[in-house]
């Protein structure tokens, strides 16, 4: 009987190839997104969301803490929501979410596209999509 | 690689996986939906124009929001279950119980949110 994987070192578990590392990344990035979204929601509550934003507004800000997401609310002053600090938080959330999402698309595609050539094309397209979406998202965050 | 499974779509659809299969399918549909939603949202914010305005109009519609909130919340809660079970593999034998807990967390939150969205939507808000 093979030794239980629980007792093996990282290398022993086979976490040496890209797919296994991304398997771990998918789980850890999920926790990371929970942390970032909760952080953004708590931040919004401290910055005046309690009286001037409804639940939908707070969640909208939480899922992407970009200042354009609070401009339609009853907040009198949205400048605290547009600081470089929140742009950094939004950038972190964007990059983590893009990597998580694009890798998820690759995992789904691999279930249906099984040829070697097709999988190569999927990987190439996924890299193009990840880079372009990250750059466009960063541009929107830092210019809004 | 070239992994061949030789399972037709019909056989796949007839597969009776029960609760775990249901959450797997919902997680997958939700992930695909969110990827599409976020991609179009970034593109429409980046390029703007009439098509961008049109996309934003759809996103702000309450009928659309009821669907989006279902899949986002489900993907988030189911993802948390997967993460917890995978990081603590001793819990994997209790997968079915974990899925029941997951529904017990998901349904009240979603029902409350859907009620609020529906009420504001029907009132024309």
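Protein chains in written order, with the numbering used here: chain A, 24 to 167; chain B, 2 to 126.
Don't be surprised by glycine CBs; every beta carbon is placed ideally from N, CA and C.
- Inter-residue distance for residue 90/A and residue 84/A is about 8 Å (C-alpha atoms, whole angstroms).
- DSSP places residue 21/B in the uninterrupted alpha helix (DSSP H) bounded by 19 to 48.
- Rounded to whole angstroms, the gap between the alpha carbons of residue 46/A and residue 122/A is 12 Å.
- Each residue's CA atom was taken as its position, placing residue 42/A and residue 67/A some 36 Å apart.
- Per DSSP, residue 93/A lies in no alpha helix (DSSP H) segment and is marked neither H nor E.
- Residue contact with chain B for residue 53/A: present (Cβ-Cβ distance below 8 Å to some residue of chain B).
- In the same chain as residue 38/A, and ignoring 5 residues on each side of it, the C-beta atoms closer than 7 Å to its own belong to 44, 47, in chain order.
- Selection 23/B, 27/B, 51/B, 70/B evaluated against residue 117/B yields 70/B as nearest (Cα-Cα).
- For residue 118/A, none of the residues of chain B pass the 8 Å Cβ criterion, the least Cβ distance being about 13 Å.
- Neighbours of residue 128/A across chain B, judged by C-beta separation under 7 Å: 36.
- At least 8 Å separates the CB of residue 76/A from every CB of chain B.
- For residue 160/A, the nearest CB of chain B lies under 8 Å from its own CB, placing it at the interface with that chain.
- Contact annotation: residue 150/A and residue 142/A have beta-carbon atoms that are not nearer than 8 Å.
- Inclusion of residue 36/B and residue 127/A in the CB contact set at 8 Å is warranted, their separation being smaller than that value.
- Scanning chain B for C-beta atoms nearer than 8 Å to the C-beta of residue 50/A yields 83, 84, 87, 88, reported in chain order.
- With three or more CB-CB distances shorter than 8 Å, the segment 97 to 112 of chain A counts as touching the segment 72 to 80 of chain A.
- Residues of the segment 10 to 44 of chain B whose Cβ lies closer than 8 Å to any Cβ of chain A, in chain order: 29, 32, 33, 35, 36, 39, 40, 43, 44.
- Contact with chain A is found for residue 47/B, since one of that chain's Cβ atoms lies less than 8 Å from the residue's Cβ.
- Put simply, the CB of residue 80/B is near chain A, with a gap under 8 Å to one of its CB atoms.
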